[in-house]
Amino acid sequence: MVQKYKYNQIKIKNIEFMFGVFTLIVSLMIGMIAADKFQEMHETETLYPSYALTEISHLSDYNPNLKNTNGNTEIYFFNSDSAGGTVLILGGTHPNEPAGFLTACLILENLQIKRGRLIIIPRANNSAFTHNDPQEGQPQYYTIEGIKRERIFRFGSRITNSIDQWPDPEIYLHYPSGQKLAGNETRNLNRAYPGRADGNLTEQMAYGIIELINKKNVDLAFDLHEAAPEYPVVNAIVASERSQLIATEAAMELQFEDLIYSMEPSPYNFHGLSHREWQDYTQAMPILLETANPIQGRLRGKTDVSLLLTGRDPMYLKAAELGELHVPYDSAGISIEVRVGRHLSAIKTIIDVYSNIYPDKAVEIINVPDYEEIVSKGIEEYF
Amino acid sequence: MLLKIIYQLILIFIILLMGYDVFKEKSAWLQLTAALALIPFVLRLLMIK
Amino acid sequence: MTPEMVIFLVMLGLFVISAMWWKLPIGVSLILASTAGALTAGEGIPVRHLVEGSFAYLDPILIIATAMIFMEVLRKSGALGSISRLIIIKLHTKPVWLLIFITLFIMFPGMITGLSTATVLTTGALAAPAMILLGIPALTVAAMIAMSAIYGMIAPPINVPAMIIGGGVDMPYIGFELPLLFATMPLAFGVNLSLGYKHIRDVNLQKILPKLGKDHYEKYGFKLFIPLIVVVILMLGVRIIPEYFPNLGVPFIFMIGSLIGLFCGERMNFWQVSHKAIQEVMPVIGILIGIGAFIQIMTLTGVRGMLVIGSLSLPDIWRYLSMGTMIPLFGAISAYGSASVLGVPYLLAFLGQNEIVVGSALSLLTGLGDLMPPTALAGIFAAQVVGEKNYFKVLKITIIPAIVTALWALLMIYFANLLGSFL
Numbered sequence: 005m006v007q008k009y010k011y012n013q014i015k016i017k018n019i020e021f022m023f024g025v026f027t028l029i030v031s032l033m034i035g036m037i038a039a040d041k042f043q044e045m046h047e048t049e050t051l052y053p054s055y056a057l058t059e060i061s062h063l064s065d066y067n068p069n070l071k072n073t074n075g076n077t078e079i080y081f082f083n084s085d086s087a088g089g090t091v092l093i094l095g096g097t098h099p100n101e102p103a104g105f106l107t108a109c110l111i112l113e114n115l116q117i118k119r120g121r122l123i124i125i126p127r128a129n130n131s132a133f134t135h136n137d138p139q140e141g142q143p144q145y146y147t148i149e150g151i152k153r154e155r156i157f158r159f160g161s162r163i164t165n166s167i168d169q170w171p172d173p174e175i176y177l178h179y180p181s182g183q184k185l186a187g188n189e190t191r192n193l194n195r196a197y198p199g200r201a202d203g204n205l206t207e208q209m210a211y212g213i214i215e216l217i218n219k220k221n222v223d224l225a226f227d228l229h230e231a232a233p234e235y236p237v238v239n240a241i242v243a244s245e246r247s248q249l250i251a252t253e254a255a256m257e258l259q260f261e262d263l264i265y266s267m268e269p270s271p272y273n274f275h276g277l278s279h280r281e282w283q284d285y286t287q288a289m290p291i292l293l294e295t296a297n298p299i300q301g302r303l304r305g306k307t308d309v310s311l312l313l314t315g316r317d318p319m320y321l322k323a324a325e326l327g328e329l330h331v332p333y334d335s336a337g338i339s340i341e342v343r344v345g346r347h348l349s350a351i352k353t354i355i356d357v358y359s360n361i362y363p364d365k366a367v368e369i370i371n372v373p374d375y376e377e378i379v380s381k382g383i384e385e386y387f
Numbered sequence: 018m019l020l021k022i023i024y025q026l027i028l029i030f031i032i033l034l035m036g037y038d039v040f041k042e043k044s045a046w047l048q049l050t051a052a053l054a055l056i057p058f059v060l061r062l063l064m065i066k
Numbered sequence: 027m028t029p030e031m032v033i034f035l036v037m038l039g040l041f042v043i044s045a046m047w048w049k050l051p052i053g054v055s056l057i058l059a060s061t062a063g064a065l066t067a068g069e070g071i072p073v074r075h076l077v078e079g080s081f082a083y084l085d086p087i088l089i090i091a092t093a094m095i096f097m098e099v100l101r102k103s104g105a106l107g108s109i110s111r112l113i114i115i116k117l118h119t120k121p122v123w124l125l126i127f128i129t130l131f132i133m134f135p136g137m138i139t140g141l142s143t144a145t146v147l148t149t150g151a152l153a154a155p156a157m158i159l160l161g162i163p164a165l166t167v168a169a170m171i172a173m174s175a176i177y178g179m180i181a182p183p184i185n186v187p188a189m190i191i192g193g194g195v196d197m198p199y200i201g202f203e204l205p206l207l208f209a210t211m212p213l214a215f216g217v218n219l220s221l222g223y224k225h226i227r228d229v230n231l232q233k234i235l236p237k238l239g240k241d242h243y244e245k246y247g248f249k250l251f252i253p254l255i256v257v258v259i260l261m262l263g264v265r266i267i268p269e270y271f272p273n274l275g276v277p278f279i280f281m282i283g284s285l286i287g288l289f290c291g292e293r294m295n296f297w298q299v300s301h302k303a304i305q306e307v308m309p310v311i312g313i314l315i316g317i318g319a320f321i322q323i324m325t326l327t328g329v330r331g332m333l334v335i336g337s338l339s340l341p342d343i344w345r346y347l348s349m350g351t352m353i354p355l356f357g358a359i360s361a362y363g364s365a366s367v368l369g370v371p372y373l374l375a376f377l378g379q380n381e382i383v384v385g386s387a388l389s390l391l392t393g394l395g396d397l398m399p400p401t402a403l404a405g406i407f408a409a410q411v412v413g414e415k416n417y418f419k420v421l422k423i424t425i426i427p428a429i430v431t432a433l434w435a436l437l438m439i440y441f442a443n444l445l446g447s448f449l
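Protein chains in written order, with our numbering: chain A, 5 to 387; chain B, 18 to 66; chain C, 27 to 449.
In structure tokens form, the structure reads like this:
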């Protein structure tokens, strides 16, 4: 009897043990499948700069602490033969806002420059391209069937990858203002300016960008974004005190092309934003551009590549009927062409206005399509 | 950087506890729960996600 | 019926069947329901999404696990018992002050960390034995702790849902102190006095003393409380003088406290104590992992959007009712999730009102989400600290306080501009 009891005990123990091993193997397999997907995101997409390219440098040239980190990123210089001003274009501050990144890429791959200098950072937060936000259910990639080649781009996260900057504090204290924000905003590049040379990785990136602007005497600096259609600052040009005048004039010119923009002043009391801190820590005229992007909104329905590229969504259609949106929205959606097109036209118009007001600092770029062209021909035409 | 190493040590401790728990839970479903819960912790420890 | 509705019903149906009928753990049920939802939506089994969603709770799980280890260490070292003893002996003759003190004591960790679970598991667990010995029924104690933890998480200086809601509309977390005090303190005192006062009007110390157990304070003295004091200093320091204080993060602080606790009282086996702690929270860890996958699949398939649009599309008169119910209900999945997914659109819907007051009130509503099953983190842990297996019994007592809280929040929103003028 005792013998049998013991035997059963051992058997039960064995079964528990075996089942434990079995569950661990199942978890291991699930973990490996997921790990494979997560690691793919570290492969950087190749960009094909136009012949106007004169130099590629890295953000680590402006903040050496970034060397050998995922925060390092390429900086593309396009110098012309005639003297003029310097324009900086930042794409990919938030890699979940694809129109910002694609606009920078499209200019980079097509532009010719007649006057002045253009600097492009297509992946401003390189680390944020290597992962997706949990619980957002967003795609990792999207494909554009370009006429030159098929292009696969990554759709990343709004913030730096945790594997590059972890743990987050419970509360993010912005340097140097001491402003408090939710802890994970500590990984948001557009809350990190002016940054610190030896701060956390995101602050290091912000510092590098400020250094670049100052060392290269950037006159006009763009930060390209997208926002949810229900967000009040959308289809907007955000300008600081210094850039207000050219932004207002450009907005009026854009209105003639039926491109309506709201003008938003850079708030004095909200720190860490590019336009706020570029105004205060550099000599550049900062401009931030927003388009409406349903795939990052909270009201969106099915989240997939089609939503990313077409912006068509029955849920947003309902939201528009309910008057919840700050942009016109109908069954046509807001396609990637519309969003990239708005950015392109705004950039070109603002550069033109700037060049008219400051002729000795003029910058002239050509071979970059405007809104009309890209909407009628499709984005594929330019890749 | 130092903080990251400390948190990885905390992760190792929690992973060991959870791994041990996989064999100590009385119900098979709780064993499975513990095993599944390990996935994100191990992926973070290995700095994959 | 829209495809989203079908997917939602499949997910909800399978969850209810597997959790209630098959009696599977809630975490596993959620993962099964998420997988079924993805299959229905034609996504196959999206392993990447299922795993990715769970990462939203990696840091919260670390906090819960380390807080639990810290509390087990305090229990074993004898500090827990000694604190109840002190509270009872010092304050039993002044019931109103006793309750006010206990309320603030329980709320404290929530106020500085913004976490309801850390609150229930630390000061809630410390106060519970004393409150029970004073004569308050265990279930009422659990309800008082759960409510105090929620008010603590919403009270200033740190309120994470308010930060999330504010972050969604680029509103910095400035000027929230007074509105948040107004949103929480009257409720916290009111609820705890009304639930507890009648039980502790006359306390007979002589009857209680024998039940108090061994006094470790006599043996170890002040040393017993060193781990707790270190934890409080480390948590407060980084809030008060962040310029000079290292930001260690809550999990690390709890681990430091636990390690110190090993040398400040009764001896113990750290591995066994830690394992006991992990075993106790394993179901909750499972729930959080499952919830992560569940939300990710809801978002992927458009169910989340359908729910948000559904709650926004109710007519104006119903909007207050929908806010008062939908935000806490969505908290069934996660209070922070509710702040982000519903809190932000509702704040946008009320733009033009005093946004700080509206944001504060909305954060109070999201706090109630921590009472909503199946996650009900505040309720589950409060039941656990008083030794009650069925947390629904605790939730039942919190129903009236929760309704009062929701009404308070809605009134704050309705009178936001008026309140804003003097808060």
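All residues carry an ideal CB built from backbone N, CA and C; glycine is no exception. Being a predicted model, the structure only gives us computed values, none of them experimental.
Going straight from the alpha carbon of residue i to that of residue j, what length do you get?
i	j	result
residue 48 of chain B	residue 405 of chain C	24 Å
residue 90 of chain A	residue 290 of chain A	12 Å
residue 66 of chain C	residue 55 of chain B	27 Å
residue 434 of chain C	residue 445 of chain C	13 Å
residue 375 of chain A	residue 114 of chain A	15 Å
residue 430 of chain C	residue 23 of chain A	48 Å
residue 6 of chain A	residue 233 of chain C	Any reading at residue 6 of chain A must be qualified, since the residue scores a pLDDT of 49, below 50, and its modelled position is unreliable; the value itself is stated next. Taking the straight line from one Cα to the other gives about 48 Å.
residue 298 of chain C	residue 254 of chain C	21 Å
residue 61 of chain B	residue 19 of chain A	30 Å
residue 376 of chain C	residue 384 of chain C	8 Å
residue 294 of chain A	residue 363 of chain A	27 Å
residue 155 of chain A	residue 48 of chain C	48 Å
residue 423 of chain C	residue 167 of chain C	10 Å
Considering only their Cβ atoms, is the gap separating residue j from residue i smaller than 7 Å?
i	j	result
residue 172 of chain A	residue 190 of chain A	yes
residue 212 of chain A	residue 80 of chain A	no
residue 279 of chain A	residue 134 of chain A	no
residue 268 of chain A	residue 240 of chain A	yes
residue 35 of chain B	residue 45 of chain B	no
residue 276 of chain A	residue 336 of chain A	no
residue 238 of chain C	residue 111 of chain C	yes
residue 332 of chain C	residue 30 of chain C	yes
residue 153 of chain C	residue 132 of chain C	yes
residue 334 of chain C	residue 329 of chain A	no
Between the Cα of residue i and the Cα atoms of the options, which residue gives the shortest distance?
i	options	result
residue 443 of chain C	C/387, C/429, C/248	C/387
residue 169 of chain C	C/241, C/410, C/434	C/410
residue 418 of chain C	C/430, C/403, C/250	C/403
residue 1 of chain C	C/356, C/277, C/378, C/292	With chain C running from 27 to 449 in the structure shown, residue 1 of chain C is simply not present.
residue 374 of chain C	A/366, A/301, A/188, A/102	A/301
residue 390 of chain C	C/351, C/200, C/414	C/351
residue 61 of chain A	A/111, A/38, A/123	A/123
residue 222 of chain A	A/287, A/283, A/257	A/287
residue 144 of chain C	C/337, C/174, C/287, C/305	C/174
residue 264 of chain A	A/283, A/238, A/322	A/238
residue 369 of chain A	A/110, A/220, A/38	A/110
CB of residue i to nearest heavy atom of the ligand NAD: below 6 Å?
i	result
residue 361 of chain C	Among the ligands in the structure shown, none appear at all, so the ligand NAD cannot be discussed.
Tell me residue i's beta-bridge partners as DSSP assigns them.
i	result
residue 145 of chain A	A/158
residue 267 of chain A	A/241
residue 231 of chain A	A/296
residue 83 of chain A	A/121
residue 93 of chain A	A/124, A/226
residue 17 of chain A	According to DSSP, which records beta bridges pairwise, residue 17 of chain A is partnered with nothing at all.
residue 186 of chain A	A/175
query = Considering only residues of the region 329 to 404 of chain C, which uninterrupted alpha helix (DSSP H) runs meet the minimum length of 4 residues and lie entirely inside it, listed in chain order?
reply = 329 to 338, 342 to 356, 361 to 364, 370 to 375, 381 to 394
In chain order, each beta strand (DSSP E) run of at least 3 residues that lies wholly inside the region 277 to 355 of chain A = Restricted to the region 277 to 355 of chain A, the beta strand (DSSP E) segments that are unbroken, complete and at least 3 residues in length are 289 to 296, listed in chain order.
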